[in-house]
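Each residue of the sequence shown is one higher than the one before, counting from 669 in the numbering used here. For every residue, glycine included, the Cβ atom is placed at its ideal position computed from N, Cα and C. These notes are about the structure you will find just below.
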Amino acid sequence: MPTQTSLAQLRFWLPQYWHVWIFCAWLKAVAPLPLRHKVALGKRLGRVLCPLFRGKCRTVRRNLEICFPDLSPQEREMLCRRHYESVGIGLTELATSWFGVPERLRETVRIEGREHLEEALEKGKGVLFFCGHFTPMELIHAVMRPLCPRVAAMYRPMRNELLDRMILRGRSRHIDELLSKYSVKTLLRRLSENSVVFYLADQSSRDKYSAPVQFFGLPAMTNTAVSRILRISGATLLPLYFRRLEDNSGYLATIDPPLPDLPSNDPVADTTRLMQALEDRIRACPEQYTWMHRRFKELPDGYPDLYA
669 MPTQTSLAQL
679 RFWLPQYWHV
689 WIFCAWLKAV
699 APLPLRHKVA
709 LGKRLGRVLC
719 PLFRGKCRTV
729 RRNLEICFPD
739 LSPQEREMLC
749 RRHYESVGIG
759 LTELATSWFG
769 VPERLRETVR
779 IEGREHLEEA
789 LEKGKGVLFF
799 CGHFTPMELI
809 HAVMRPLCPR
819 VAAMYRPMRN
829 ELLDRMILRG
839 RSRHIDELLS
849 KYSVKTLLRR
859 LSENSVVFYL
869 ADQSSRDKYS
879 APVQFFGLPA
889 MTNTAVSRIL
899 RISGATLLPL
909 YFRRLEDNSG
919 YLATIDPPLP
929 DLPSNDPVAD
939 TTRLMQALED
949 RIRACPEQYT
959 WMHRRFKELP
969 DGYPDLYA
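What follows is the structure in structure tokens.
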């Protein structure tokens, strides 16, 4: 007799989940392809996505207008197109992360600054990898996994339950534990066990630890909890950046040394320094940053609505 659990899972075959099954089947088919073929396929896919998602495309253009006012409209439009090509490549990289062979991926990656990770782990108080939302980021867990004794990452559940399960299953290939963004106590516990935790705090946030922080010269609501987590745990924060090489032949993972005098007694000042460091990395490969997110939304009263 079918169990209650198996009967409940039958709902995932309802029409509202069919697009998720088709997407996962496509990822499985793409995963074995050589890197150059994935890049070519991803670029073409990105060119198709841009006109299909007009709302997101408007957000990308507005973000580029806000962050790169010195570029001409033609230059920003070219950057927008390159960004969508990068988003398309990111989907093929998702296939590599969820269904590919990690060893084959690692052969295409050069890692700089691994000595900073080794020194931080020797302290025994955990490591907080500060990362940004770049389009190839789904690969970073598979790349860094062999260098870390235990890996955890923060996670925000998706509205589509089937997609949420697929993401959890895919990321769990390379991550020992996925933590809810609200599980601060568990995060501190994992750091005390000398785990490596991936932490992304570069998108708009309106929780109690958020504040307007300068990003590309303008205030953006940003989570400042990193500074408090470091003070409580004694963990080491290491900025980690992962980018596609310009010739699309592989990837570069860069582990920067800890920022001096961080944390301080001013979480906003600490977060501002992190955002400035991230901004410098974004300028090196702006097409690979995720511009589809409304980074400057939900500012307090008195600030202009940049998306009006």
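Residue burial classification, residue i (beta-carbon count within 10 angstroms, cutoff 16)
i	result
Val769	exposed
Gly885	exposed
Ile897	buried
Pro804	buried
Tyr975	exposed
Leu759	buried
Leu942	buried
Arg722	exposed
Ile690	exposed
Thr671	Because Thr671 sits at a pLDDT of 49, beneath the cut-off of 50, its placement in the model cannot be relied upon, and the following sentence gives the value as read from the coordinates. Per the 10 Å Cβ criterion, exposed.
Lys791	exposed
Glu842	The sequence given here has His at residue 842, not Glu. Under this definition His842 is a buried residue.
Among the options, the one whose alpha carbon lies nearest that of residue i
i	options	result
Val819	Asp832, Ser840, Pro804, Leu831	Ser840
Glu914	Ile757, Leu859, Val852	Ile757
Ala821	Leu830, Tyr850, Glu829, Leu974	Tyr850
Arg774	Ala976, Trp959, Thr940, Ala921	Ala921
Asp973	Met889, Ser863, Ser740, Gly838	Met889
Cys953	Ile779, Phe736, Ile690	Phe736
Gly902	Glu780, Gly710, Arg715, Lys793	Lys793
Ile734	Thr958, Phe883, Tyr971	Phe883
Thr958	Thr904, Leu747, His705	Leu747
Val881	Ile843, Pro814, Leu905, Tyr971	Tyr971
Leu868	Tyr823, Ile843, His842	Tyr823
Cys692	Asn933, Asp875, Gly838	Gly838
Residue i versus residue j: straight-line alpha-carbon distance, rounded
i	j	result
Met812	Leu695	22 Å
Ala879	Leu946	17 Å
Pro931	Val777	31 Å
Leu789	Val795	7 Å
Phe798	Pro926	10 Å
Ala763	Asp969	42 Å
Arg963	Val707	27 Å
Lys853	Pro741	47 Å
Thr940	Cys725	28 Å
Tyr877	Tyr919	34 Å
Arg782	Val728	33 Å
Ser917	Leu678	42 Å
Tyr685	Ser765	22 Å
Pro719	Leu701	26 Å
Asp832	Pro825	6 Å
Ile779	Phe680	40 Å
Thr904	Leu682	46 Å
Gly710	Asn933	44 Å
Met960	Arg730	10 Å
Asp875	Lys965	13 Å
Glu786	Pro814	12 Å
Asp738	Met834	41 Å
His705	Arg712	11 Å
Beta-carbon gap between residue i and residue j smaller than 7 Å
i	j	result
Tyr909	Arg951	no
Asp870	His801	yes
Thr892	Pro928	no
Arg749	Leu732	no
Val688	Leu836	no
Ala697	Phe767	no
Ser873	Asp938	no
Arg816	Val865	First, the amino acid is wrong: residue 816 is Cys here, not Arg. Result no, Cβ atoms of Cys816 and Val865 do not sit closer than 7 Å.
Glu806	Glu761	yes
Leu855	Leu847	yes
Arg911	Gln956	yes
Contact belief for residue i with residue j at Cβ below 8 Å, rounded distance in angstroms
i	j	result
His751	Ile923	About 25 Å; that fails the 8 Å criterion.
Glu845	Arg858	7 Å
Leu703	Val755	About 17 Å separates the two Cβ atoms, so there is no contact after all.
Leu979	Pro887	With the chain represented from 669 up to 976, any question about residue 979 goes unanswered, as that position is not in the structure.
Glu995	Gly714	Absent from the model: residue 995. The displayed extent of the chain is 669 to 976, so no value can be given.
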